[in-house]
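Step one of this worksheet: look at the structure below.
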Amino acid sequence: MTTEAISALDAERARALELFRSLSAQEWAAPSDCAGWRVQDVAAHMGAVFHTIADPGSIDGGSSPDVEANAEVPVGARKDWTSAEVMADYEEWGAKGREALVALQGQGVATTVVPLANLGSHPLHLLANALVFDHYCHLRWDIAAPNGPVGRDLPQDPAVLTETMTWMLAGLPQMCTDALSVVDRPVTLVLDGPGGGGWSLQPPTEPGGLTSVVPDADGSAAAVVRSTAHEFVCWGTKRRDWRSMGVSIEGDEAYAAQVLDAFNVI
81 MTTEAISALD
91 AERARALELF
101 RSLSAQEWAA
111 PSDCAGWRVQ
121 DVAAHMGAVF
131 HTIADPGSID
141 GGSSPDVEAN
151 AEVPVGARKD
161 WTSAEVMADY
171 EEWGAKGREA
181 LVALQGQGVA
191 TTVVPLANLG
201 SHPLHLLANA
211 LVFDHYCHLR
221 WDIAAPNGPV
231 GRDLPQDPAV
241 LTETMTWMLA
251 GLPQMCTDAL
261 SVVDRPVTLV
271 LDGPGGGGWS
281 LQPPTEPGGL
291 TSVVPDADGS
301 AAAVVRSTAH
311 EFVCWGTKRR
321 DWRSMGVSIE
331 GDEAYAAQVL
341 DAFNVI
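In the working numbering, the protein residues as written are 81 to 346.
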């Protein structure tokens, strides 16, 4: 179970509300690092995700197999809202969504695996981790500087980053299945700083299988890739190319580059 993700989500919701309450009209209207979305649209998206989890029948959350295309639907419906309406929506549905996510941590429910479009199929308890990841990424890399337009300092909370890594590394093999077909030898991923650790990307054990991500570094890896967990959130989602993010490679650099180019976590 990932009940720790609920605590991490509580911390991120509090940070989001504090940030939203501090924004000027100009900051609400400023272009975020999400293409085509203002800061206000990113906040609207965050509220809509909670709404979709808490009461999916009362919101049009899109119906395509692409979750990023679906995300545009409720954001488009909220384009004419005021910033106050967006913030009130986030506050209301954040609380309701949080309670729904707590219920998904319960025995007999938490381990139920459900399909989540092109995110893959995951146990329900990991939805809380997905929301922690969504918050960490949007607040620090899309809204706040240096990528975003808002000059605020948001902490690299170790507990939040740990739960964010859980989602990213659990989702990676299913979100990038075809691209990760290049993995034919182990690659070690070492993420330093808060939320960091060592993981090994392992080739499929059978034809047509998935690349696996297992804890701890593999001493026989063809390459060792090193970054920070905080920056991995940025380049692992292709917000920026890993080559511009200070990622280091030891070993077979050409092979590791192919593997890193395959990463695109949603």
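Even glycine gets a Cβ: it sits at the ideal position worked out from N, Cα and C.
task = Could you name the residues of the same chain whose beta carbon sits closer than 6 Å to that of G228, not counting the 5 residues immediately before and after it, in chain order?
result = For this step, residue 228 is matched to residue 148 along the sequence shown. So the list reads S112, D113 and D222, once near-sequence residues are dropped.
task = Reducing DSSP to helix, strand and coil, say where E286 ends up.
result = The residue labelled residue 286 in the question sits at position 206 within the sequence shown. It is coil, neither helix nor strand.
Extent of the continuous beta strand (DSSP E) to which S201 belongs = Residue numbering aside, residue 201 sits at position 121 when the sequence shown is read from its first letter. Where S201 is concerned, the enclosing beta strand (DSSP E) stretches over S201 to P203.
query = With a cut-off of 8 Å, do at least 3 Cβ pairs link the region 202 to 210 to the region 235 to 248?
reply = yes
request  = Count the other C-beta atoms from every protein chain shown that fall within 10 angstroms of the C-beta of A85, then say buried if there are 16 or more, exposed otherwise.
outcome  = Stepping through the sequence shown from its first residue, residue 85 is reached at position 5. Buried, since its Cβ has 16 or more Cβ neighbours within 10 Å.
ask   = Thinking just about the alpha-carbon of each residue, which of T192, V339, I346 and S261 is nearest to the one in E286?
value = Taking the first residue of the sequence shown as position 1, residue 286 is located at position 206. The candidate whose alpha carbon is nearest that of E286 is S261.
task = Examine the ligand NAP and report whether any of its heavy atoms sits within less than 6 Å of the Cβ of K318.
result = Ligands in the displayed structure: none, and consequently the ligand NAP is not present.
Beta strand (DSSP E) runs wholly inside the region 200 to 236, at least 3 long, in chain order = 201 to 203
inquiry  = Considering Cα atoms alone, identify which of H205, E148, R93 and H202 is closest to D169.
reply    = For this step, residue 169 is matched to residue 89 along the sequence shown. Measuring from the Cα of D169, the nearest candidate turns out to be R93.
inquiry  = Just to confirm the assignment, what range does the beta strand (DSSP E) spanning I139 have?
reply    = Taking the first residue of the sequence shown as position 1, residue 139 is located at position 59. Unbroken run through I139: none, as it is neither H nor E.
task = Buried or exposed for S163, please, with buried defined as at least 16 other CB atoms from any protein chain shown within 10 angstroms of its CB.
result = Here residue 163 refers to the residue found at position 83 of the sequence shown. By the 10 Å Cβ count, S163 comes out buried.
request  = Determine the DSSP secondary structure at A303, reduced to helix, strand or coil.
outcome  = Start at 1 with the first residue of the sequence shown, and residue 303 comes out as number 223. Reduced to three states, the DSSP call for A303 is strand.
ask   = Which whole-angstrom value describes the C-beta separation of N198 and P253, a residue pair presumed to lie in contact below a C-beta threshold of 8 Å?
value = In the sequence shown, counting from the first residue as 1, residue 198 sits at position 118. In the sequence shown, counting from the first residue as 1, residue 253 sits at position 173. About 13 Å separates the two Cβ atoms, so there is no contact after all.
message = For the beta strand (DSSP E) containing V270, name the first residue and the last one.
response = Here residue 270 refers to the residue found at position 190 when the sequence shown is read from its first residue. Where V270 is concerned, the enclosing beta strand (DSSP E) stretches over V267 to D272.
key: Contact between the region 150 to 161 and the region 124 to 141 (3+ Cβ pairs under 8 Å)   = yes
inquiry  = Please give the ranges of any beta strand (DSSP E) in the region 162 to 207, keeping only runs that are unbroken, at least 3 residues long and fully inside the region.
reply    = 193 to 195 and 201 to 203
Close-in-space but distant-in-sequence residues of the same chain around P283 (CB under 6 Å, 5 per side omitted) = Start at 1 with the first residue of the sequence shown, and residue 283 comes out as number 203. Counting only Cβ-Cβ distances below 6 Å, and skipping sequence neighbours, we find V263 and D264.
task = Just the C-alpha distance for A225 and Q120, rounded to the nearest angstrom, thanks.
result = Numbered from its first residue, the sequence shown carries residue 225 at position 145. Numbered from its first residue, the sequence shown carries residue 120 at position 40. The straight-line gap from Cα to Cα measures roughly 15 Å.
task = Just the C-alpha distance for R178 and F130, rounded to the nearest angstrom, thanks.
result = Along the sequence shown, one-based indexing puts residue 178 at 98. Along the sequence shown, one-based indexing puts residue 130 at 50. Between R178 and F130, the C-alpha separation is close to 8 Å.
request  = Please say whether V293 and L249 have beta carbons closer to each other than 7 Å?
outcome  = Taking the sequence shown and counting its residues from 1, one reaches residue 249 at position 169. Taking the sequence shown and counting its residues from 1, one reaches residue 293 at position 213. In contact: L249 and V293 (Cβ atoms closer than 7 Å).
ask   = Going by alpha carbons, who is nearest to Q338 out of D140, A259, Q236 and L219?
value = Counted from its first residue, the sequence shown places residue 338 at position 258. Of the candidates D140, A259, Q236 and L219, the one whose C-alpha sits nearest the C-alpha of Q338 is A259.
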